[in-house]
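Read in order, the letters of the sequence shown correspond to residues -4 to 164 in our numbering. What follows is a set of notes on a single structure, which appears directly below.
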Amino acid sequence: AVRSQGSYLRVHFKNTREAAQAIKGLTLKKAQDYLEAVKDHKRAIPFRRFSGGVGRTAQAKVFGVSQGRWPVKSAEFLLGLLKNAESNAEVKGLSTDNLVVRYIQVNQAPPQRRRTYRAHGRINPYMSHPCHIEITLVEAEKEVPKAEAVAPRLTKKRAVQKAIKASRA
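Structure representation (structure tokens):
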């Protein structure tokens, strides 16, 4: 397994969380292709949790939801972390072809403060919502063929009952 993480990244927490959920479980190559398509507005990120006020798009239908967006900056940050994880895998000597995004977590970082000036001499906060991201990639397990069904062992009582039933038939 290989890890990659970024702390105090100045990219919206909510958008990044939704993008991270979208690539969880994908292979490294599929995740990278998907995020590149998001940057080009070819495929949308489905917004499931933080979906208030998010517009609807046909591209989100693939995921069984109607709301979706194209968070370009989040996609760029996630692509950077995936690239870092890929180079970590190469250093470890792992095959990058069968790496899968097993674990991805996005946490809120402390907000950065600015101020905006309002009417009548007032001042309001103008906060950014940065985040911490961590990703773990693992090599995909090979499919193990299912064992053939073995007849269940009978208790002595059941064996006798079966023998009696067979003799009557």
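All C-beta atoms, glycine included, are put in the ideal place defined by N, C-alpha and C. The model shown is predicted, which means the values in this text are computed figures rather than measured ones.
Coil, strand or helix - residue i by DSSP
i: Leu74; result: helix
i: Ser123; result: strand
i: Val49; result: coil
i: Arg163; result: helix
i: Thr131; result: strand
i: Arg44; result: coil
i: Gly88; result: coil
i: Gly59; result: coil
i: Arg153; result: helix
Exposure label - residue i; buried when at least 16 CB within 10 Å
i: Ile128; result: buried
i: Thr11; result: buried
i: Gly63; result: buried
i: Val145; result: exposed
i: Ala84; result: buried
i: Val101; result: buried
i: Ala17; result: buried
i: Ile130; result: buried
Whole-angstrom C-beta distance between residue j and residue i, which should lie under 8 Å
i: Leu77; j: Leu23; result: 6 Å
i: Leu132; j: Ala80; result: 5 Å
i: Val49; j: Phe58; result: Not quite, the Cβ-Cβ distance comes to about 13 Å (not below 8 Å), so this is no contact.
i: Ala14; j: Ser69; result: 4 Å
i: Pro66; j: Ile40; result: 6 Å
i: Gln103; j: Phe8; result: 5 Å
i: Gln27; j: Leu74; result: 6 Å
i: Glu71; j: Lys25; result: Not really, about 18 Å apart at Cβ, beyond 8 Å.
Neighbourhood of residue i by C-beta, 8 Å cutoff - its chain only, sequence neighbours within 5 removed
i: Gln156; result: none
i: Gln107; result: Arg5, Met122, Ser123, Pro125
i: Thr111; result: Ile118, Asn119, Pro120, Tyr121
i: Val95; result: Gly20, Leu21, Thr22, Leu23, Leu132, Val133, Glu134, Ala135
i: Lys87; result: Val(-3)
Residue i, enclosing beta strand (DSSP E) - first and last residue
i: Asn102; result: 94 to 103
i: Thr111; result: 110 to 112
i: Ala(-2); result: The sequence shown places Arg at residue -2, not Ala. That run of the beta strand (DSSP E) goes -3 to 4.
Other residues of its chain near residue i: CB distance less than 6 Å, five sequence neighbours each side excluded
i: Ser2; result: His127
Where the alpha helix (DSSP H) through residue i begins and ends
i: Gln16; result: 8 to 18
i: Val33; result: 23 to 34
Close Cβ partners of residue i (< 7 Å) along its chain, the five nearest in sequence each way excluded
i: Arg38; result: Tyr29, Ala32, Gln54
i: Arg51; result: Ser61, Gln62
i: Arg113; result: Asn119
i: Arg148; result: none
Distance cut-off 8 Å: residue i Cβ against heavy atoms of the ligand SAH
i: Phe72; result: Annotation note on the ligand SAH: not contained in the displayed structure, which lists no ligands.
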